[in-house]
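Position in the sequence shown counted from 1, then plus 181, gives you my numbering. Beta carbons: idealized from backbone N, C-alpha and C, even for Gly.
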Amino acid sequence: MNRLWAKATAARGWSRALWSPLILLLRLTTPIYQWVSRRHLARRKASCSPVGRAKVISVGNITVGGSGKTPVVIHIAERLISLGRKVVIVHSGYGRRSQENIFVEYGKGPDCSVDAVGDEVAMMA
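Next comes the structure, spelled out in structure tokens:
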């Protein structure tokens with residue numbers, strides 16, 4: 182085992198040797214995940230009623246907190262509003278206490294409680 186590890190780390194570097202099994206696992210499971218996802222989506226589409234055509238911009242990342250997603254959302258929303266577009270922001274409301282769905286209208290920021298909607302939603306409203 183030590184020889185294999187030494188050979189792998191010398192040839193490719195220790196970080197590459199560490200990630201190789203994970204990358205292999207990801208490559209093997211990705212097609213299965215795609216197949217299951219497509220089947221699930223096809224079943225949901227068959228049971229859903231058609232909705233209007235809306236353009237969707239998704240701002241996200243695997244990084245949680247501090248990467249600047251909220252300021253980017255605010256900038257994009259303000260830009261689209263200035264162009265006369267209707268904008269809807271869907272947000273989980275990080276830090277809020279309530280569990281029900283709450284709709285917050287733009288410009289009503291002072292009327293909504295941070296406990297009810299979360300700090301980022303209150304800031305964006």
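It is roughly 30 angstroms from the alpha-carbon of R225 to the alpha-carbon of T251. A distance below 8 angstroms between beta-carbons, with the five flanking residues on each side excluded, links V240 to the following residues of its chain, in chain order: K250, V253, V254 and I257. Look at H272 here: in three-state DSSP terms it is coil, with no helix or strand label. Around the C-beta of V271, fewer than 16 other C-beta atoms lie within 10 Å, and the residue is accordingly described as exposed. Rounded to whole angstroms, the separation of the alpha carbons of F284 and L261 is 20 angstroms.
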